Each structure stands twice: as C-alpha cells, then as structure tokens.
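Be aware that the sequence shown starts at 0, since it is given in numbering that gives the first Met the number 0, and climbs by one per residue. A virtual CB, placed ideally from N, CA and C, is assigned to each residue, including glycine. Just so you know, these numbers come straight off a predicted model, no measurement behind them.
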Amino acid sequence: MPELPEVETVRRTLKHFIIGKEIKDVQVHYDKIITGDSNQFRTTLTGQTIRDIDRVGKYLIFILDRDAFLSHLRMEGKYNIVDASTPLRKHEHLGFLFTDGTALRYQDTRKFGRLELVNKDTYRQDLPLSKLGPEPWDADPAKIYAKIHHSNLPIKTLLLDQHLMTGIGNIYANEICFTMKMDPRTPGKRLSKKRVAELISISQNILEQAIAQGGTTIHSFNANGITGLFQIQLNVHSQKICPVCQSTITKEMVRGRGTYYCKTCQKKRG
Ligand SMILES: [Zn+2]
0 MPELPEVETV RRTLKHFIIG KEIKDVQVHY DKIITGDSNQ FRTTLTGQTI
50 RDIDRVGKYL IFILDRDAFL SHLRMEGKYN IVDASTPLRK HEHLGFLFTD
100 GTALRYQDTR KFGRLELVNK DTYRQDLPLS KLGPEPWDAD PAKIYAKIHH
150 SNLPIKTLLL DQHLMTGIGN IYANEICFTM KMDPRTPGKR LSKKRVAELI
200 SISQNILEQA IAQGGTTIHS FNANGITGLF QIQLNVHSQK ICPVCQSTIT
250 KEMVRGRGTY YCKTCQKKRG
C-alpha cells in the first residue's frame, strides 16, 4: 500500500508530466472507481487543463481550471502515462485523454482506489479531507497528547488513526516505534507529554527521509507505472534481524495489523 512518502513521489512525478495538459476526453471503463456520477465526472473535466496537483495525507488532489478531483490509490492504485493509441491494459479503469495525444490512465488490480469531484476552493474543509487529522508537520503535541492520554489503544494502532494524525501507514508506524525504542503495544495513555512531542518529531523525520529517498526516483518511471514505490531503508518492517542488536525481529498482529519489533531494543513502555 502506498504511504505518504510514496504518494508524495507520485504527486511530484505526475506534476512533471501532466501539468498544463488539456483533457480532451475521459474514458470510464469501470463506473465504481468514481464516487458519485461517472457521467458528471467525465463531462465536468472534459475541456479543462490540469493546473496543479496537491496532496493531503494519502489523497492526491488534481486542480483544474474550474474544478478539482481527488484520487486515493488505496492498496494497488497507480497511474500510467502512455501514448493515447496504446491498447488498454488489464485493470486500467479510467483514462484521461489529453489534446497532445498522450493519456493518463488509472490502473488498479484490486479496484479499491477512488476518484471523486471536489470543490476546487474548499476541498480541504470538505469531506472526506476535513475529517483527517494534521500531518505530523502540522501536529500540535499538546493536542495529540490530550487526545491519547486516556487511550488504552496500542501506540502502534493510534499512529495509524488518520483522524489523530494523517499520513502514517503500517510500514512507517513500525519504523517510528522502533526509533522510539518503544514496545508498539504500549497503551497511548502511558506516553508523557515529552514522549508525545518526541513521537511527532520522529514521525516527521522518518517521513522526510522517505520522501527524500523517493525524490531520487522522480522524473523516471518504468513500465510498471507510477506507484511511488521505491527502495526505502527500513530498520524493522518486514525485517528478520535487528540492525542494532542482531536479535530476531518479532512479528505479531496488533489490532489486526502486522507489527514488527525488536524485543531487545523496544522495551520502553511509555
Ligand atoms: Zn534490537
């Protein structure tokens, strides 16, 4: 699943290729990929030029002349930029044909991704974006502390709560707990104000490092499309041996999500 750094890489890559392109037609091959009326989606966007691409959490927002639409890649969504004459590939559910003869296609093997028209001027205040918490860069430690200091939920689970903070997925939640040297099962209420501030600052650093690593893939993508996926350096997620103490990494489910941690390094319970 793409996480915030990957989505940011997709945003930067797409910006490089499609800003200034005018949409000649929108071809919808699978109606349900559009939230709302797919016909309205098509007629609204046809004739407009893509002016910018914004990102809020893991949502991409394509800004056009008069309207905007958002796109969430969910599990497997990705974009392909092709010559318009290229035959439709399997799982390509949507195509934006541009007046210059190229096309942007949305491909999604699992069909979980969604696109939706939104108001160009108010999308940050409107649903679904309005219900998202701040990204770690905008998070106020006092407010986050106030929200978790009665919570019995594991800190790992709280990190994934997009209402609390947005943009942290399973991979980075594992990495953040590792850097905190904290047992991911620690209840939120055990964290002091100081530790919450630390949690936010470590979240920022880890996402920034990943964005910086993803930056090297910008302006190039292969036949697999623009997924934003890149080789990120992970300490604990999907790892077998702890890079710090060489112990075996433990994998167990915490509230339904695969959680990796080092029982030797991550002893802190708060
Ligand atoms: Zn270790």
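Within the segment 30-92, the runs of beta strand (DSSP E) that reach at least 3 residues and sit entirely inside it are, in chain order, 51-55, 58-62, 67-71, 77-82.
Judged by pairs of C-beta atoms under 8 Å, the segment 249-265 touches the segment 161-179, as three or more such pairs exist. In the DSSP secondary-structure assignment, ILE167 is not bridged to any residue. GLY166 places its beta carbon less than 9 Å from that of PRO135. The three-state secondary structure of LEU116, taken from DSSP, is strand.
Where ALA145 is concerned, the enclosing alpha helix (DSSP H) starts and stops at 140-147. Distance from the C-beta of SER237 to the nearest heavy atom of ligand 1 is not below 8 Å. In terms of side-chain proximity, the C-beta atom of THR108 is found no nearer than 8 Å to any non-hydrogen atom of ligand 1. Listed as beta-bridge partners of VAL25 by DSSP are PHE95.
In the DSSP annotation of this structure, the continuous segment of the beta strand (DSSP E) that includes LEU103 starts and ends at 101-106. The bridge partners DSSP lists for MET181 are LYS267. Ranking ASP64, ALA172, LYS188 by CA distance to the CA of ILE199 puts ALA172 first.
For VAL9, no beta strand (DSSP E) run applies; the uninterrupted alpha helix (DSSP H) run containing it begins and ends at 3-17, by DSSP. With a cut-off of 8 Å, the C-beta of CYS241 is classified as near ligand 1, since at least one heavy atom of the ligand falls inside that distance. When only Cα atoms are considered, GLY132 and HIS71 end up about 16 Å apart. Our two residues, TYR122 and VAL25, have alpha carbons roughly 22 Å apart in a direct line. Under the DSSP definition of a beta bridge, VAL195 lacks any partner.
If you check the CB distance, LEU69 and LEU59 come in under 9 Å.
Contact between GLN47 and ILE80 does not hold, since the beta-carbon distance rounds to 18 Å and is not under 8 Å. Here SER150 is near PRO186, since their CB atoms are less than 9 Å apart. Beta-bridge analysis with DSSP links THR249 to TYR260. The Cβ-Cβ distance between GLU91 and ARG104 falls below 9 Å.
When secondary structure is reduced to three states using DSSP, PRO135 falls in the helix class.
Here HIS148 has LYS188 as same chain residues with Cβ atoms under 6 Å from its own Cβ, once five neighbours each way along the sequence are excluded. Inclusion of THR263 in the 8 Å shell around ligand 1 follows from its C-beta lying nearer than that to a non-hydrogen atom of the ligand.
Nearest in C-alpha terms to GLY100, of all of GLY112, SER84, LYS89, is SER84.
Between the alpha carbons of ARG194 and ILE143 lies a distance of about 11 Å. With a cutoff of 9 Å on beta-carbon distance, LYS77 and VAL9 are scored as near each other.
Rounded to whole angstroms, the gap between the alpha carbons of PRO153 and ARG184 is 5 Å.
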